[in-house]
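Following: one structure in structure tokens, then a few remarks.
2 protein chains.
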Amino acid sequence: MKSVAPIPGRPVRGSSTGRPIMAALDLFGRRGLLRILWELRGEAPLTFRALASAAELPPGTLNVRLKELKAAGLLVTEAGYGLTPMGRDLLAALEPLVLWSEAWAKAVPPADA
Amino acid sequence: MKSVAPIPGRPVRGSSTGRPIMAALDLFGRRGLLRILWELRGEAPLTFRALASAAELPPGTLNVRLKELKAAGLLVTEAGYGLTPMGRDLLAALEPLVLWSEAWAKAVPPADA
DNA sequence: CGTCATTGCTATGAAAAGTGTAGCGCCCAT
DNA sequence: ATGGGCGCTACACTTTTCATAGCAATGACG
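These protein sequences, in sequence, are chains X and V.
With my numbering applied, the first sequence covers 1 to 113.
With my numbering applied, the second sequence covers 114 to 226.
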């Protein structure tokens with residue numbers, strides 16, 4: 001675990017420009033990260049273990065992601081793990097995506113076994 | 114490289130429900146995938162090599178992602194690689210995220226060296 | 001006090017995914 | 001036929017992720 005958390009304004013994995021969208025895309029491309037955000041959508045903070053269980057992530061990975069999210073200013077620890085206002089904004093910005101995924105589900109052939 | 118592409122309607126990595134949003138979150142969590150989408154935002158299709166260069170991905174990884182995107186019905190190959198209407202919809206759904214990332218960039222402390 | 005449950009989190013070893021480079025076979029223009 | 005671009009594969013290596021075990025701390029209960 002040695003790569004650093006992507007922060008806008010400086011180089012990130014896969015892009016040397018540091019443009020905000022690049023930092024964001026790098027951040028989101030980390031496994032389970034979006035899922036964690038998603039599971040944190042409720043009002044009440046979650047415990048480490050509850051989060052691990054909800055997001056179906058092993059503790060090691062979860063812990064790395066939590067650090068990245070904290071570094072990105074999207075997460076705080078107070079009576080468990082919860083989102084910052086910025087984190088909540090992100091969640092809101094993700095809303096169209098939820099809609100899209102439903103349309104997608106209808107459009108993609110079941111591709112059954 | 115053996116995990117299958119996430120398709121809504123059946124179990125994906127990190128979720129056994131197959132709910133659309135879970136399939137989407139799994140898909141997006143794959144390194145470089147969102148970036149590829151992003152680089153494909155122009156009207157003209159890109160060649161494999163142009164895409165590899167733009168997305169800064171090695172050919173092996175790129176090829177895996179392309180297969181996943183095709184399986185998800187978001188990508189087609191015709192005179193290069195381009196997005197399907199569904200893929201374009203996704204890109205549109207990603208738009209708020211671009212806005213968010215800019216606000217984020219302003220809010221996150223430069224965290225300079 | 002002991003003990004029991006639950007907490008956040010670290011350790012470990014193995015498997016999977018991603019990286020960077022080289023280069024193949026193909027096609028087309030010269 | 002030589003040179004260039006193409007899509008893509010092969011290789012050997014590094015990084016990431018996984019699953020499980022388990023530890024130190026905390027708080028309740030008796």
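The beta-carbon is built from N, C-alpha and C at its ideal position, and this holds for glycine as well.
Residue i, DSSP secondary structure in three states
i: V:Ala226; result: Summary for V:Ala226: the model assigns pLDDT 39, below 50, so the residue's position carries little reliability; its value from the coordinates is reported in the next sentence. Reduced to three states, the DSSP call for V:Ala226 is coil.
i: V:Gly142; result: coil
i: X:Leu62; result: helix
i: X:Val108; result: coil
i: X:Met1; result: Caution applies to X:Met1, whose pLDDT of 48 falls short of 50 and renders its modelled position unreliable; the value that the coordinates give is listed next. Coil, per DSSP.
i: V:Leu188; result: strand
Beta carbon proximity, residue i to chain X, threshold 9 Å
i: V:Phe141; result: yes
i: V:Leu196; result: no
i: V:Ala163; result: no
i: V:Glu181; result: no
i: V:Leu210; result: yes
Local Cβ density within 10 Å of residue i, reported as buried at 16 or more and exposed below that
i: V:Val117; result: exposed
i: V:Ser166; result: exposed
i: V:Pro119; result: buried
i: V:Ala205; result: exposed
i: X:Arg65; result: buried
Where the beta strand (DSSP E) through residue i begins and ends
i: V:Gly75; result: Lying outside 114 to 226, the shown extent of chain V, residue 75 of chain V is not represented and no answer is given.
Unbroken alpha helix (DSSP H) run spanning residue i, endpoints
i: V:Leu164; result: 161–168
Neighbour list for residue i in chain X, Cβ cutoff strictly below 9 Å
i: V:Glu191; result: Under the 9 Å cutoff, chain X gives no residues; its nearest Cβ is about 19 Å from V:Glu191.
C-beta neighbour in chain V for residue i, strict 9 Å
i: X:Val64; result: no
i: X:Leu75; result: no
i: X:Glu43; result: no
Closer than 9 Å at the beta carbon, the chain V residues around residue i
i: X:Arg31; result: Arg126, Gly127, Asp139, Gly142, Arg143, Arg144
Partners in chain X for residue i, counting only beta-carbon separations shorter than 7 Å
i: V:Pro133; result: Ser101, Glu102, Trp104, Ala105
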